[in-house]
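>
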Amino acid sequence: MTAQAGDRRYLMAGIALLALFGVVLLVFFLPLFNGRTGMEAADDLFNSLSKGSSYYIPQVADNAHKYEGTAVAFKVKAEDAELGQAVAKVFSLNGAKAEYADAKVTIEGDMGVLAAAAAADAEMLYKNDMATLESKYGMDARMAVYAWYQGFSALQKSAQHDGDMTTASFAKKVMTKALEPAYNFAGIPAYKFSEKLALATFLLAFYVIYTMWYGFGVMYIFEGLGISASKGH
Numbered sequence: 739m740t741a742q743a744g745d746r747r748y749l750m751a752g753i754a755l756l757a758l759f760g761v762v763l764l765v766f767f768l769p770l771f772n773g774r775t776g777m778e779a780a781d782d783l784f785n786s787l788s789k790g791s792s793y794y795i796p797q798v799a800d801n802a803h804k805y806e807g808t809a810v811a812f813k814v815k816a817e818d819a820e821l822g823q824a825v826a827k828v829f830s831l832n833g834a835k836a837e838y839a840d841a842k843v844t845i846e847g848d849m850g851v852l853a854a855a856a857a858a859d860a861e862m863l864y865k866n867d868m869a870t871l872e873s874k875y876g877m878d879a880r881m882a883v884y885a886w887y888q889g890f891s892a893l894q895k896s897a898q899h900d901g902d903m904t905t906a907s908f909a910k911k912v913m914t915k916a917l918e919p920a921y922n923f924a925g926i927p928a929y930k931f932s933e934k935l936a937l938a939t940f941l942l943a944f945y946v947i948y949t950m951w952y953g954f955g956v957m958y959i960f961e962g963l964g965i966s967a968s969k970g971h
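If you count the sequence shown from 1, you need to add 738 to reach my numbering.
#1: Rounded to whole angstroms, how far is the Cβ of Leu-917 from the Cβ of Ala-882, which I believe are closer than 8 Å?
#2: Under 8 Å, do Tyr-948 and Leu-755 count as touching if we go by C-beta distance?
#3: For the region 900–949, which segments carrying the alpha helix (DSSP H) assignment without a break, of at least 4 residues, lie completely within its bounds, in sequence order?
#4: For Gly-1043, collect the residues of the same chain with a Cβ closer than 7 Å to its Cβ; drop the 5 residues on either side in sequence, then sort them by chain order.
#5: If you count every other CB in all the chains shown that lies within 10 Å of the CB of Ala-869, and 16 or more means buried, which is it?
#6: According to the Cβ coordinates, are Gly-790 and Lys-911 closer than 8 Å?
#7: Rounding to the nearest angstrom, what Cα-Cα distance links Val-810 and Glu-846 in this structure?
#8: So Lys-842 is in the beta strand (DSSP E); what residue range does that whole segment cover?
#9: I'd like the list of long-range same chain contacts for Met-849, defined as Cβ closer than 7 Å, with 5 residues on each side in sequence excluded.
#10: For Arg-747, count the other beta carbons within 10 Å of its own beta carbon; 16 or more makes it buried, fewer makes it exposed. Which is it?
#11: Go through its chain and collect everything with a Cβ distance to Glu-961's Cβ below 8 Å, but skip five positions before and after it.
#12: Nearest to Ala-855 by alpha carbon, out of Asn-866, Tyr-838, Lys-813 and Phe-890?
#13: I'd like the list of long-range same chain contacts for Ser-830, defined as Cβ closer than 6 Å, with 5 residues on each side in sequence excluded.
#14: Our contact map puts Ala-909 next to Val-828 with C-beta atoms below 8 Å; I'd like the distance itself, whole angstroms only.
#15: Under a three-way DSSP split, which group does Ala-856 fall into?
#16: Based on DSSP bridge pairs, tell me the residues matched to Val-814.
#17: Check the DSSP bridge columns for Phe-736 and list the partner residues they point to.
#18: Under 8 Å, do Leu-793 and Ala-928 count as touching if we go by C-beta distance?
#19: Which of the three DSSP states is assigned to Lys-835 in this structure?
#20: Within the same chain, show all residues whose beta-carbon is closer than 6 Å to that of Ala-920, passing over the 5 residues directly before and after it, in chain order.
#21: Measure the CB-CB distance between Lys-934 and Leu-783 and report whether it falls below 8 Å.
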């Protein structure tokens, strides 16, 4: 590093840029956006856009019909009695024979019927219809979908162990394309990028400009102080 005379104009420009940077940052952390901070509002928007781009539940429901008549039998290890009873209840109310005992749920049923029912429940949670799910099962809506997830996770592992990769692959698809998005995005509205194109584009551009803004502010201050990077000789 070498120190030189510097330029007051650069110094003042750098201070001004960083001061404005701080003001904007402060505004972003104030609850000025319907009671949410700017950061929270931006996170909400991008979560909604992520949810809108993760909607594959109808495809899972359509594929489920191909597996109707496919009998499956497997066991689910339950972390506790509450989860074990929830798994047993969710599967039994959708046509399967399910019994909870000794920290395990033994399940027998029709793969297609169960997958279609899981997709239907995932659809309700994805669309934030918690009341219908809670009325159907008498438990928290997310718990019901989590119980489905635990069941299909166990089915996938069981099918893999038996060498039935077709069943294992579809069980995983039910988990990742229907149950996971519904559970992870529960309570969040879904938007397509095209529906929020202007706002999303503005925020993405702002993030890039704001980052450069800070960088130029620091650079100008260094220039103004006569500090620059140079190779030693």
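Ideal placement from N, C-alpha and C gives every residue a C-beta, glycine not left out. Keep in mind it's a predicted model, so treat the numbers as computed, not measured.
Working from what's here:
#1: The pair is not a contact, with the Cβ atoms about 10 Å apart (cut-off 8 Å).
#2: Their beta carbons are not under 8 Å apart, which means Tyr-948 does not touch Leu-755 by this criterion.
#3: 903–912 and 918–922
#4: Residue 1043 is absent from the model: the chain starts at 739 and stops at 971.
#5: exposed
#6: no
#7: 6 Å
#8: In the DSSP assignment, Lys-842 falls within the unbroken beta strand (DSSP E) covering 842–848.
#9: Tyr-805, Thr-808, Val-810 and Thr-905
#10: exposed
#11: Gly-744, Asp-745, Tyr-748, Leu-749 and Gly-752
#12: Comparing alpha-carbon positions, the option among Asn-866, Tyr-838, Lys-813 and Phe-890 lying closest to Ala-855 turns out to be Phe-890.
#13: Ala-836
#14: So it is not a contact: roughly 15 Å between Cβ atoms.
#15: helix
#16: Val-843
#17: Outside the displayed range of the chain (739 to 971) lies residue 736, so it cannot be described from this structure.
#18: Checking the sequence, you will find Tyr at residue 793 rather than Leu. In this structure, Ala-928 lies closer than 8 Å to Tyr-793 by Cβ.
#19: For Lys-835, the three-state secondary structure derived from DSSP is strand.
#20: Correct list, in chain order: Ala-860, Leu-863, Tyr-864 and Val-883.
#21: yes
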